[in-house]
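What follows is a short report on a single structure.
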Amino acid sequence: MTASPLPSSSPLRPGRRERWGAWWHSPGLRKLRRNPLALSGLAIMVLFGLLALFAPLIARPSGDCLRDLGMTRQEQVYNPLARPFWQAIFAPPASCYAMERPNFSGEPSPPNSVPGTFAPFGLVGGYNIYYGLIWGTRTALKMSFIIVAITVGLGVLIGAVSGYYGGWVDNLIQRLIDVIFAMPGLVLTIVLLTLLKRKFPGLDPTWPIIVASCIAGWAGYARVIRGDILKTRQLDFVDAARALGARDGRIMLRHVVPNSLTTIFTLAVLDLATVPLGIAGLSFLGLGFEPGYSEWGQLVNLARQWLKPEWWYVLAFPAVFIVLFSLAFNLFGDGLRDALDPKTR
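Position one of the sequence shown corresponds to residue 1 (the UniProt record's numbering), numbered consecutively onward.
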């Protein structure tokens, strides 16, 4: 008697390919692929991501950063077999975010005018603009994703509770949102940031900026998802889930909130473009990161006292980075919104 062969897993593979093909050829994704502006934005976003990821290789560490990575020469950062290579890429010490400062000259220095220093964008206040822009890309992406992720999570949670339960809970939350909307977002952020810095003077400036930005920004997401949930909670499948004994938390997480995530995701992509602008504004006002930190707003703040034609580079290069970053996320966000909206297909 011969043993029967074991069942093959090959029948599952066509199913996976079919699901992948259905997703790839879906109307929304097809429209997104045919949108040149959205693809241009995506390409610029990928470029910024690569700049941030490989910042230690593009703008090599020096000074305290070199020491904290356990290296004696800058060239060691290019060795992928050594621990400093991976630490510099995935978990660089805080000293690596301090802008390289070859000199303490009062006036800006033209590009590549300082011997022994790679400064293709020049120096301002003695700081290497090139180093600040490359490592500042890491700061921009890190702060953008952290702030938007926390803001979206907080807004979705509060908005879902408000829309699902209604009644006095909804009224209380909506009046709180009205109070937040009554103040301009930047003014509210400045007030909260000032209070946090005064209350916790020795705290890393990253956290006050994150907390103040999230408190000032969650209300918009809460109001959007509340409106969607007010419509969704009246549908038949929600009543069916209640009749089967599903708890409120399960109904919200499994049935109500997912139907509103398309709008929230699009808004989040668009908001990623505004975070570096807000932080740059705070740094320009002296409320952002400490002087010398690799952040685009710091470079703009350093450049404001040298706005003369012969020193064009001190503002031109930071402005190009800020504009391209915001433009990329706006282009891709607009294309994503058009692709996911059934009314535009």
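Heads up, the beta-carbon is just placed ideally off N, CA and C, and yes, glycines get one too. The model shown is predicted, which means the values in this text are computed figures rather than measured ones.
Next item on the list: Could you give the DSSP three-state label for V148: helix, strand or coil?
Entry: Position 148 of the sequence shown, counted from the start, is the residue given in the question as residue 148. If DSSP states are grouped into helix, strand and coil, V148 belongs with the helices.
Note to self: Measuring straight from C-alpha to C-alpha, what distance separates S8 and S26?
What the structure shows: Indexing the sequence shown from 1 puts residue 8 at position 8. Indexing the sequence shown from 1 puts residue 26 at position 26. Unreliable placement is indicated for S8, whose pLDDT of 48 sits below 50; no coordinate value is reported for it.
Member of L37, F237, L51, L340 whose CA lies at the smallest distance from the CA of L141: The residue you call residue 141 lines up with position 141 of the sequence shown. Considering only alpha carbons, the answer is L51.
Which residues does DSSP list as the beta-bridge partners of V124?
Along the sequence shown, read from residue 1 onward, the residue named residue 124 stands at position 124. According to DSSP, which records beta bridges pairwise, V124 is partnered with Y127.
**Prompt:** The alpha helix (DSSP H) with R34 in it runs from where to where?
**Reply:** For the purposes of this step, residue 34 is taken as the residue at position 34 of the sequence shown. R34 -> no alpha helix (DSSP H), and no H or E assigned at all.
**Message:** Considering just the uninterrupted stretch of the alpha helix (DSSP H) at V224, what are its terminal residues?
**Reply:** Counting from one through the sequence shown, the residue named residue 224 turns up at place 224. That run of the alpha helix (DSSP H) goes 206-232.
### Task
Can you check DSSP and say which residues form a bridge with A98?
The count along the sequence shown starts at 1 and reaches residue 98 at position 98. DSSP output for A98 lists Y293 as bridge partner(s).
Proximity of I279 and E295 at Cβ, strictly below 8 angstroms
Residue numbering aside, residue 279 sits at position 279 when the sequence shown is read from its first letter. Residue numbering aside, residue 295 sits at position 295 when the sequence shown is read from its first letter. In this structure, E295 lies closer than 8 angstroms to I279 by Cβ.
- Task: Could you check if P108 is buried or exposed, using at least 16 other CB atoms within 10 Å of its CB as the buried criterion?
- Result: In the sequence shown, the residue the question calls residue 108 occupies position 108. With 16 or more other Cβ atoms within 10 Å, it is buried.
Same chain, Cβ closer than 6 angstroms to L315, neighbours up to 5 away in sequence not counted = Taking the sequence shown and counting its residues from 1, one reaches residue 315 at position 315. Excluding positions up to five away in sequence, the list reads A303.
Please go through the same chain and pick out, in chain order, the residues whose beta-carbon is closer than 7 angstroms to the beta-carbon of T266, but skip the five residues on each side of it. Translated into the one-based positions of the sequence shown, residue 266 becomes position 266. Excluding positions up to five away in sequence, the list reads G333, L336, R337, L340.
Have a look at N103 and L272 and give me their C-alpha separation to the nearest angstrom.
If you number the sequence shown from 1, residue 103 lands on position 103. If you number the sequence shown from 1, residue 272 lands on position 272. About 35 angstroms.
message: Taking the straight line between their C-alpha atoms, what separation do you get for V320 and I89?
response: Within the sequence shown, the letter at position 320 stands for residue 320. Within the sequence shown, the letter at position 89 stands for residue 89. One C-alpha to the other measures close to 24 angstroms.
| said: Using the three-state DSSP reduction, which class does S26 fall into: helix, strand or coil? | reply: The residue you call residue 26 lines up with position 26 of the sequence shown. Here S26 sits in coil by DSSP.
*With C-beta atoms as the reference, is L193 less than 8 angstroms away from A219?*
Sequence index remark: in the sequence shown, residue 193 carries index 193 (1-based). Sequence index remark: in the sequence shown, residue 219 carries index 219 (1-based). Not a contact, by the Cβ cut-off of 8 angstroms.
Since W86 is in the alpha helix (DSSP H), which residue starts that stretch and which ends it? Along the sequence shown, read from residue 1 onward, the residue named residue 86 stands at position 86. 83-90 is the extent of the alpha helix (DSSP H) around W86.
Check your understanding: In whole angstroms, what separates the C-alpha of L39 from that of R198?
Key -> Taking the sequence shown and counting its residues from 1, one reaches residue 39 at position 39. Taking the sequence shown and counting its residues from 1, one reaches residue 198 at position 198. Answer to the nearest angstrom: the Cα atoms are 44 angstroms apart.
Note to self: Using a Cβ-based criterion (distance less than 7 angstroms to any ligand heavy atom), does G41 qualify as near the ligand HEM?
What the structure shows: The ligand HEM is absent from the structure shown, which contains no ligand whatsoever.
**Message:** Only counting the same chain, and skipping five residues up and downstream in sequence, which positions put a Cβ closer than 7 angstroms to that of Q76?
**Reply:** By one-based count along the sequence shown, residue 76 stands at place 76. So the list reads A82, P84, once near-sequence residues are dropped.
**Prompt:** Mind checking whether A328 and I147 have CB atoms under 8 angstroms apart?
**Reply:** Sequence index remark: in the sequence shown, residue 328 carries index 328 (1-based). Sequence index remark: in the sequence shown, residue 147 carries index 147 (1-based). No, the pair does not count as a contact, with Cβ atoms beyond the cut-off.
Contacting residues, own chain, Cβ-Cβ under 7 angstroms from I134 (five flanking each side not counted): The sequence position of residue 134 within the sequence shown is 134, counting from 1. L51, A55, I58, A59.
Going by DSSP, which residues form a beta bridge with S109?
Your numbering for residue 109 matches position 109 in the sequence shown. According to DSSP, S109 bridges with L123.
Go ahead and pull the three-state DSSP assignment for S40. Your numbering for residue 40 matches position 40 in the sequence shown. Here S40 sits in helix by DSSP.
- [ ] With DSSP collapsed to three states, give me the class of I269.
- [x] On the sequence shown, residue 269 is found 269 positions in, with the first residue counted as 1. Rather than Ile, the amino acid found at residue 269 in this sequence is Val. V269 falls in the helix class under three-state DSSP.
**OP:** Just the C-alpha distance for L282 and G116, rounded to the nearest angstrom, thanks.
**Re:** As a first step, residue 282 is located in the sequence shown; it is residue number 282 there, counting from the start. As a first step, residue 116 is located in the sequence shown; it is residue number 116 there, counting from the start. The straight-line gap from Cα to Cα measures roughly 33 angstroms.
Can you grab the Cα-Cα spacing for the pair P110 / I129, in whole Å? What you label residue 110 is simply residue 110 of the sequence shown in a count that begins at 1. What you label residue 129 is simply residue 129 of the sequence shown in a count that begins at 1. Within the model, the alpha-carbon separation for P110 versus I129 is close to 11 angstroms.
Discussion item. Measuring CB atoms only, is the segment 143-157 touching the segment 201-215, in the sense that at least three cross pairs come out at less than 8 angstroms?
Written reply: yes
task = List the whole-angstrom C-beta distance separating D248 from Y164, where the pair is believed to meet the contact cut-off of C-beta under 8 angstroms.
result = Counting from one through the sequence shown, the residue named residue 248 turns up at place 248. Counting from one through the sequence shown, the residue named residue 164 turns up at place 164. Rounded, the Cβ-Cβ distance is 7 angstroms, consistent with contact.
- Out of curiosity, what's the CA-to-CA distance linking V191 and L287? Taking the first residue of the sequence shown as 1, we reach residue 191 at position 191. Taking the first residue of the sequence shown as 1, we reach residue 287 at position 287. Taking the straight line from one Cα to the other gives about 10 angstroms.
P56, enclosing alpha helix (DSSP H) - first and last residue
Working through the sequence shown from its first residue, we reach residue 56 at position 56. Residue range 55-58 is occupied by the alpha helix (DSSP H) that includes P56.
For the alpha helix (DSSP H) containing S326, name the first residue and the last one.
As a first step, residue 326 must be located in the sequence shown, where it is residue number 326. 313-340 is the span of the alpha helix (DSSP H), which, as asked, contains S326.
### Query
G297 and F284: beta carbons closer than 8 angstroms?
Counted from its first residue, the sequence shown places residue 297 at position 297. Counted from its first residue, the sequence shown places residue 284 at position 284. Yes. Within cutoff.
Between L222 and G185, is the Cβ-Cβ spacing less than 8 angstroms? As a first step, residue 222 must be located in the sequence shown, where it is residue number 222. As a first step, residue 185 must be located in the sequence shown, where it is residue number 185. With the sequence shown as reference, residue 222 is identified as Ala, and Leu is not the correct amino acid for it. No. Outside cutoff.
* Got a sec? Which residues, its chain only, sit under 7 angstroms from V269 by beta carbon, not counting five neighbours each side? -> Working through the sequence shown from its first residue, we reach residue 269 at position 269. Here the set comprises F329, F332, G333, L336.
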